[in-house]
Structures are given as structure tokens and as C-alpha cells.
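Engineer: For the sequence shown, the numbering used here assigns the number 829 to the initial residue and increments by one for each residue that follows.
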Amino acid sequence: MSKKVKAITPNKKNKIKTSNWQFWLIIALPCIYAILFAYVPMGGILMAFEDYSPRRGFLGSDWVGLKHFIRFLTSTSSVQIIKNTFILGAYNLLVTFPIPIILAVAINEVQAKFFKKSVQMVTYAPYFISIVVLVGMLMQMTDLRTGIFNVLLGKLGIDPINFFGDQDLFRHLYVWSGVWQTAGYSAIIYIAALAGVSPELKEAAVMDGASRIKRIIHVDIPCIMPTIVIMLIMSCGNIINIGFDKVFLMQNTMNAGVSEVISTFVYKVGITNADYGFSTAAGLFQSVVSFVLLVSVNKISKKLTDNSLW
829 MSKKVKAITP
839 NKKNKIKTSN
849 WQFWLIIALP
859 CIYAILFAYV
869 PMGGILMAFE
879 DYSPRRGFLG
889 SDWVGLKHFI
899 RFLTSTSSVQ
909 IIKNTFILGA
919 YNLLVTFPIP
929 IILAVAINEV
939 QAKFFKKSVQ
949 MVTYAPYFIS
959 IVVLVGMLMQ
969 MTDLRTGIFN
979 VLLGKLGIDP
989 INFFGDQDLF
999 RHLYVWSGVW
1009 QTAGYSAIIY
1019 IAALAGVSPE
1029 LKEAAVMDGA
1039 SRIKRIIHVD
1049 IPCIMPTIVI
1059 MLIMSCGNII
1069 NIGFDKVFLM
1079 QNTMNAGVSE
1089 VISTFVYKVG
1099 ITNADYGFST
1109 AAGLFQSVVS
1119 FVLLVSVNKI
1129 SKKLTDNSLW
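1. Does the beta-carbon of Val833 have 16 or more other beta-carbons within 10 angstroms, so that it is buried, or is it exposed?
2. Considering just the uninterrupted stretch of the alpha helix (DSSP H) at Asp1134, what are its terminal residues?
3. Could you spell out the range, first to last residue, of the alpha helix (DSSP H) harbouring Tyr1095?
4. Ser1091 to Ala1021, Cα distance in whole Å?
5. Since Ala1015 is in the alpha helix (DSSP H), which residue starts that stretch and which ends it?
6. What residue does the alpha helix (DSSP H) around Ile860 start on, and which one ends it?
7. Asp996 by DSSP, collapsed to three states: which one?
8. Return the CA-CA distance between Tyr1002 and Ile1099, expressed in angstroms with no decimal places.
9. Out of Asp1134, Ala1084, Phe1072, state which residue places its alpha-carbon closest to the alpha-carbon of Gln1114.
10. To which residues of the same chain is Ile1068 closer than 6 Å at the C-beta, ignoring the five residues directly before and after it?
11. Between Tyr955 and Gly1012, how many whole angstroms is the CB-CB distance? I'm expecting something under 8 Å.
12. Determine the extent of the alpha helix (DSSP H) in which Tyr952 is found, giving its start and end residues.
13. Can you give me the start and stop residues for the alpha helix (DSSP H) that His1046 sits inside?
14. For Arg999, collect the residues of the same chain with a Cβ closer than 8 Å to its Cβ; drop the 5 residues on either side in sequence, then sort them by chain order.
15. Under DSSP, the alpha helix (DSSP H) around Val963 begins and ends at which residues?
16. From the DSSP output, in three-state form, read off Trp891 for me.
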């Protein structure tokens, strides 16, 4: 006997389409957030090409073209700021990128589950510490009289060091405190990638007599290489995007020679001096350079490794 197929009436079709309204609501919230806080503010880019006046607004302010960009790129202080930003960003990338990979591989090799989970918890925890609290901890630990580092140096007969007052130490404090705070959290994606490595490949390597180090080099690393390349591309795109909050909190008059970066410069010029057009031009320059770096590294990666973001 042939079964009769009931036709779906228009009312039922509409009911099917609207039955997943919770899903569309969940999607709508981040979309609205992105539109309001990512796309709408893009209109402010116009300030980079104007002598912007809040009283006269975007359309009423005088158009100056590339004046602010030329001023930013030709100023001696601006050149030093760009140099500081690139050096700090490159140093941060060279240190903070490989350490989470090493940590993930090390955790993956641990057999004792309790120890493995304990290490993961201890390394993840600092990520959830506020930047303000982190910098406060650094200041306490490096205090000239009561800081633990200077106390230990005193025990060794070494004179105390003004860590925050020595501009040669600023970059090291910034980068290595960042390693302590973010290494465990950044390792999560590599641990997840290592979980997908085929056990058969490891067993075959063991049968061939490969040591643990050789299995890591010839099995684990090649299997997670696509993930490593993607993360490297994204990290390279953020070389010049040094976060404002941590640098600003660690900054003082004694280390300003190396700690003044584009993000802090934009804040001081735009908010403190109310030079909105010039500060917007500096911020737009930073965004354009980040975009160029991202596209360039992505293209190079695609040619060399066949892995890319697009």
C-alpha cells in the first residue's frame, strides 16, 4: 500500500520557520553588539582627516586631508613611539608565542592525571587576574625596600634595583609578566589540537623505536602545525596592537622613553590634549599597519605551508 504524504500548509511552514526563535535571538545579541560597538564607531575615522571640533561635529569640522598623518609620521617623537611599539610587540611575540606550545606539549606528555590537572589549574589561574591587580602585584614585588626581589638581592649582597624606574627593564617586566599570566590559557588550544593526534601514529613511532622527544618532534608537532600556523598569523597581525591598559599602568616618567607606545600616545593626545583629529590619525595608522601585517603574513604562510586564514 502506498502511503499518502500530507502537504504542508502555509501556516505549518511559517510555524516551522518561527519555531527556532530562541536561536535567532541568541544570534541577534552578538550581531547587535558588533554593529553598535564595532561598525557604528567606524564613522569616527573621519576625524583623522579633519580638524575635528565636538561643537561643529563631523560634517561641520574643517577638512585637512592627510595633514595629521604627515605630522604623525614626520615628528621625531612619533617615530620613537612607532619604534617602541614595534620592538615591544616583536619581543612579546617571540617570547609569548612558543612558550604555550612547549607548555601544551609538556602537559600532554604527563601521564599522572592528578598532576596533569593540577598543573593546568595553576597555569590557567593567572589569566583571570585583573591587569590592574597584576601591575599592583608587580609593584609590590619589585618595591625598593619591601619587594621580594630586592629582599632576595639584599640577602645576596646586591644593591636593590629600581625595576620600574629603569627603562632597560621595562620591556622584560611587561613581556615576562605577560608570559606568566597568559601562557596557561593560551596553551588550551594546543592541548585540544594534541588531543586529536592519531594514537596509531604514536604507536607506529613506538614500534619504530622512536624516543619520546622524537615522537614529539616527528608526530605531535607536525600534526598540530596547521593550528600553530593559524595562531602565528593572528599573532603577527597584532604585533603593533600593544594593549593600552597594562603599558599605561606600568608607565612613569623614568621609563617613558621606551614605554610610550601608540595606544598610550593616542590616549594622551586625544583625551588629555583634546587633539581628536591627530589622535584618530595615529590610531588609524596603527589599524592599517596591523591589517597590512595580517594580510602579508597570511599570504606568505599560504605559499610556504598551504595553511592560511583565507
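The C-beta atom is built at its ideal place from N, Cα and C for all residues, glycine as well.
Structural biologist: Reading off the structure:
1. As a working note, residue 833 is residue 5 in the sequence shown. Since pLDDT at Val833 reaches only 48, below the 50 mark, its modelled position is unreliable, and no value is offered.
2. Counted from its first residue, the sequence shown places residue 1134 at position 306. That residue, Asp1134, is in no alpha helix (DSSP H); it is neither H nor E in DSSP.
3. As a working mapping, residue 1095 is identified with position 267 in the sequence shown. Segment 1090-1095, the alpha helix (DSSP H) holding Tyr1095.
4. Here residue 1091 refers to the residue found at position 263 when the sequence shown is read from its first residue. Here residue 1021 refers to the residue found at position 193 when the sequence shown is read from its first residue. When rounded, the distance between both Cα atoms is 34 Å.
5. As a working mapping, residue 1015 is identified with position 187 in the sequence shown. Segment: none, Ala1015 is in no alpha helix (DSSP H) and carries neither H nor E.
6. Translated into the one-based positions of the sequence shown, residue 860 becomes position 32. 849-862 is the span of the alpha helix (DSSP H), which, as asked, contains Ile860.
7. Locating residue 996 in the sequence shown gives position 168, where the first residue counts as 1. Asp996: helix per DSSP, three-state reduction.
8. Mapped onto the sequence shown, residue 1002 falls at position 174. Mapped onto the sequence shown, residue 1099 falls at position 271. Taking the straight line joining both Cα atoms gives about 24 Å.
9. Within the sequence shown, residue 1114 is the residue found at index 286, counting from 1. Measuring from the Cα of Gln1114, the nearest candidate turns out to be Phe1072.
10. In the sequence shown, counting from the first residue as 1, residue 1068 sits at position 240. The residues are Thr913, Gly917, Gln1114, Val1117, Ser1118.
11. The residue you call residue 955 lines up with position 127 of the sequence shown. The residue you call residue 1012 lines up with position 184 of the sequence shown. Confirmed, Cβ separation roughly 6 Å.
12. Here residue 952 corresponds to residue number 124 of the sequence shown, with the count starting at 1. Residues 941-952.
13. The count along the sequence shown starts at 1 and reaches residue 1046 at position 218. Run containing His1046: none; DSSP gives neither H nor E here.
14. Working through the sequence shown from its first residue, we reach residue 999 at position 171. Excluding positions up to five away in sequence, the list reads Ile915, Leu916, Tyr919, Val1086.
15. By 1-based counting over the sequence shown, the position of residue 963 is 135. Per DSSP, Val963 belongs to the alpha helix (DSSP H) from 959-969.
16. Here the question's residue 891 lines up with position 63 in the sequence shown. Three-state DSSP puts Trp891 in a strand.
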